[in-house]
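The numbering of the sequence shown is our numbering, which starts it at 4 and goes up by one. By construction, the Cβ of each residue, glycine as well, lies at the ideal position given by its N, Cα and C atoms. One structure below.
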Amino acid sequence: MIVFSLLQMRCGIRVLLNSATASITPGQKVGLIGKNGCGKSTLFSLIKGDMQPEAGSITFPTTWALAWVNQETPALKKSAIENVIDGDHEYRKLEKQLQLANDKNDGHAIALIHGQLDAINAWSIRARAASLLHGLGFSPLQIDEPVSAFSGGWRMRLNLAQALICRSDLLLLDEPTNHLDLDAVIWLEKWLKNYAGTLILISHDRDFLDPIIDKVLHIEQENLFEYTGNYTSFEQQRATKLAQQQALYENQQEKVNHLKKYIDRFRYKATKAKQAQSRIKMLERMELVAPAHIDNPFYFSFRAPDCLPNPLLKMEKVSAGYGDKVILKSIKLNLVPGSRIGLLGRNGAGKSTLIKLLAGDLLPQQGEISLAKSIKLGYFAQHQLDYLRMDESPLQHLYRLATQETEQHLRDYLGGFGFKGDKVNEPCMHFSGGEKARLVLALIVWQRPNLLLLDEPTNHLDLDMRQALTEALIVFDGALIVVSHDRHLLRSTTDEFYRIHQGQVEPFAGDLDDYQKWLTEQNKQQHQQIRQEQLQDKMLSANLTAQDRKEQKRREAEFRQRTQPLRKQLSMLEQKITNLSNQLAQIEQKLADSDIYNHNRKSELNNYLKQQTETKSTLEETETEWLAQQETLENMIKEFECQA
């Protein structure tokens with residue numbers, strides 16, 4: 004059990020935890036929740052032993068193995084798969100010990116180490132590492148590439164795989180989905196659900212948390228509050244708790260009524276499409292838990308666009324790509340006010356390519372894109388965070404768009420995005436990724452767009468900001484196209500999905516659960532295709548006709564018969580080596596007993612030492628003979644293959 008007892012912790016002069024107490028039982032999967040800066044990462048540092056509490060204690064079994072994701076990955080020359088295997092520290096330790104034992108020709112140690120390797124299923128480690136890498140989006144060719152060949156985001160995936168391969172008792176994950184696409188998030192969710200140890204998970208993705216966790220630790224008011232159940236249950240319990248506080252009642256009701264009006268309007272207009280019905284359920288759930296977010300520090304909404312032309316954008320037989328490479332073919336798309344589309348597709352399918360095409364960052368290779376004259380684009384992508392002027396403040400950025408507005412009006416507006424007091428005058432160079440993302444969103448919202456293109460808008464955003472963005476998008480009047488691994492955002496804000504697959508952009512008749520089933524089926528087909536291609540490659544490389552194959556089989560049978568005596572002799576030598584190794588291990592076990600060195604057992608000791616010398620000598624001779632015979636067989640095989 005993990006016990007947090009009367010924890011006290013500060014960050015500078017600010018108190019993070021004050022006499023905080025909680026407990027986690029073995030095997031529990033816990034979501035660690037709280038506003039940015041409340042102390043979640045600090046709690047992880049305390050558990051890892053990187054920091055010490057000012058008062059109180061954290062206790063858990065000293066025998067527990069801990070695993071977490073390293074934040075830095077240098078540009079290593081070793082392959083991706085070997086880097087992941089490094090995460091199994093016990094395997095690497097035994098590997099080194101085995102090498103030393105082999106160098107010393109220490110048969111007893113070799114036997115013991117092989118037993119330990121068997122116990123940890125070491126012989127399957129490469130297959131397990133490859134499986135983790137595949138799940139996180141690496142292709143079979145990529146797993147043998149050097150770590151230095153990958154970008155920062157892909158190296159973070161390698162770090163995650165390293166943590167997962169470790170046979171840990173306690174796994175600490177801090178925002179593990181930040182660098183993942185939706186496919187990898189779905190895979191990781193399944194993996195964590197089957198994880199046998201204790202898990203503490205920090206995540207701002209509520210739909211990722213929900214199926215995994217069975218308990219919530221909420222850091223609030225310098226304390227740890229425990230809630231049984233998943234994130235949805237936590238929201239409902241907290242909503243009930245806050246609703247009982249009479250002072251907040253009116254604000255709560257206002258928020259509930261605001262959502263209720265929209266839900267009723269949407270229900271009346273909604274089609275019977277599966278995603279539209281799925282969205283109704285999500286909105287109804289949001290209505291129930293609205294009080295839980297009444298203390299959300301972020302508050303903003305999209306003001307009505309100046310105009311809503313119909314259509315906003317039209318694409319006819321458009322193809323797009325980079326250079327001579329075509330990524331998307333014959334796209335047909337018609338966006339009107341109220342279009343709310345979520346883009347689905349595997350990593351590299353072309354989701355971001357389509358967003359860039361719509362935004363004008365990429366020109367079509369073929370076809371025509373028609374834009375309404377009064378279209379006003381709101382475009383969010385991760386690279387736009389780099390376009391902020393690092394020496395300027397949020398207030399200065401907003402002044403460029405609103406030269407006629409008063410400073411107080413702009414301050415009030417920026418306050419809704421979390422920029423308050425002196426923060427509005429702080430240069431962006433000091434901002435975190437989340438603060439930069441909030442500022443970019445603030446600038447987009449201010450400009451009253453009628454078409455929103457959002458490419459992973461929730462990266463770097465905490466749960467409160469994601470909730471505020473979701474609520475704002477729900478009542479947005481224009482058209483929306485979004486790419487996101489945040490399934491709650493997709494379910495709440497989109498009415499239909501388009502799937503990008505094999506260069507085609509087509510409506511997907513289903514919801515996210517259906518997409519997950521499709522994805523599973525695609526993975527099965529992909530594995531079958533790879534196996535089929537490998538088989539075909541072997542057949543093609545042999546370049547054999549039916550008659551040739553018959554002749555080849557005859558020659559192979561003849562070769563097997565010719566080499567059978569040699570193979571039989573090798574098998575006998577291998578058995579002899581095994582028997583001698585076992586004998587040597589037994590002798591060395593006797594010699595490891597301190598009693599054997601008593602003066603009255605001198606004769607027995609000399610006998611064992613003589614046996615040890617003779618057995619070692621026989622073992623070495625047998626191994627030498629085996630090596631010679633094995634080399635003979637390998638030369639015969641090479642000669643046969645050259646004649647084939």
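query: Can you give the Cα-Cα distance for Asn585 and Leu136, rounded to whole angstroms?
result: 38 Å
query: Taking the DSSP output, what are the residues bridged to Gly381?
result: Leu455
- prompt: With Ala132 and Val87 assumed to form a contact (beta carbons below 8 Å), what rounded beta-carbon distance in angstroms separates them?
  reply: 4 Å
message: Going by DSSP, what residue range makes up the beta strand (DSSP E) through Ala323?
response: 316 to 325
- prompt: Mind checking Met393: buried by the 16 CB within 10 Å criterion, or exposed?
  reply: exposed
- prompt: Do you know how far the Cα of Phe303 is from the Cα of Pro149?
  reply: 45 Å
field: Delimiting residues of the beta strand (DSSP E) encompassing Ala482
entry: 482 to 486
Separation of Gly156 from His433, as counted between CA atoms: 22 Å
- request: Name the two residues that bound the continuous beta strand (DSSP E) containing Leu175.
  value: 173 to 177
- prompt: When we look at the beta-carbon of Gly578 and count the other beta-carbons within 10 Å, is it buried (16 or more) or exposed?
  reply: Rather than Gly, the amino acid found at residue 578 in this sequence is Gln. Exposed is the call here.
- prompt: Under 8 Å, do Asn299 and Asp89 count as touching if we go by C-beta distance?
  reply: no
- prompt: What three-state label does DSSP hand Ile358 in the structure shown?
  reply: helix
message: Measuring only the C-alpha atoms, how far is Leu522 from Val427?
response: 44 Å
- prompt: What did DSSP end up calling Leu366 once you bin it into helix, strand or coil?
  reply: coil
- prompt: From Ala560 to Gln632, what distance separates their C-alpha atoms?
  reply: 21 Å
- prompt: Which whole-angstrom value is the C-beta distance of Ile203 and Leu175, which I expect to be below 8 Å?
  reply: 5 Å
- prompt: Should the stretch 355 to 368 be regarded as contacting the stretch 186 to 193, the criterion being three or more beta carbon pairs within less than 8 Å?
  reply: no
field: Assumed close pair Glu465, Gly437 - CB separation to whole angstroms, cut-off 8 Å
entry: At residue 465 the sequence reads Asp, which differs from the Glu that was named. Rounded, the Cβ-Cβ distance is 7 Å, consistent with contact.
task: Would you mind stating whether Leu587 and Lys619 have Cβ atoms separated by less than 8 Å?
output: yes
- request: Can you give me the start and stop residues for the beta strand (DSSP E) that Leu476 sits inside?
  value: Looking at the DSSP string, Leu476 is not in any beta strand (DSSP E); the run it does join, the alpha helix (DSSP H), is 466 to 477.
- prompt: Should Leu357 be flagged as near chain C, meaning a C-beta pair shorter than 8 Å?
  reply: Checking the listed chains, one finds no chain C in this structure; it contains a single protein chain.
task: Give me the Cα-Cα distance between Gln249 and Ala242, rounded to the nearest whole angstrom.
output: Summary for Gln249: the model assigns pLDDT 48, below 50, so the residue's position carries little reliability, and this model does not support an answer.
query: Are there 16 or more other CB atoms within 10 angstroms of the CB of Gly481, so buried, or fewer, so exposed?
result: buried
field: Collapsed DSSP secondary structure at Gln249 in the structure displayed
entry: Because the pLDDT at Gln249 is just 48, under 50, the model does not fix this residue reliably, and the value given afterwards should be weighed accordingly. In this structure, Gln249 counts as helix in the three-state DSSP scheme.
task: State the start and end residues of the unbroken beta strand (DSSP E) segment that holds Phe511.
output: 507 to 511
task: Note down, in chain order, each residue of its chain lying with its Cβ closer than 6 Å to the Cβ of Phe237, except the 5 sequence neighbours on either side.
output: Val219, Tyr230
field: Exposure of Arg382, with buried meaning 16 or more beta-carbon neighbours within 10 Å
entry: Reading off the sequence, residue 382 comes out as Tyr, not Arg. Looking at its Cβ environment, which holds 16 or more other Cβ atoms inside 10 Å, Tyr382 is buried.
- prompt: For the beta strand (DSSP E) that Gly418 lies in, which residues bound it at each end?
  reply: Run containing Gly418: none in the beta strand (DSSP E); it sits in the alpha helix (DSSP H), 410 to 418.
task: For Leu204, write down the residues that DSSP places opposite it in a beta bridge.
output: Gly34, Leu176
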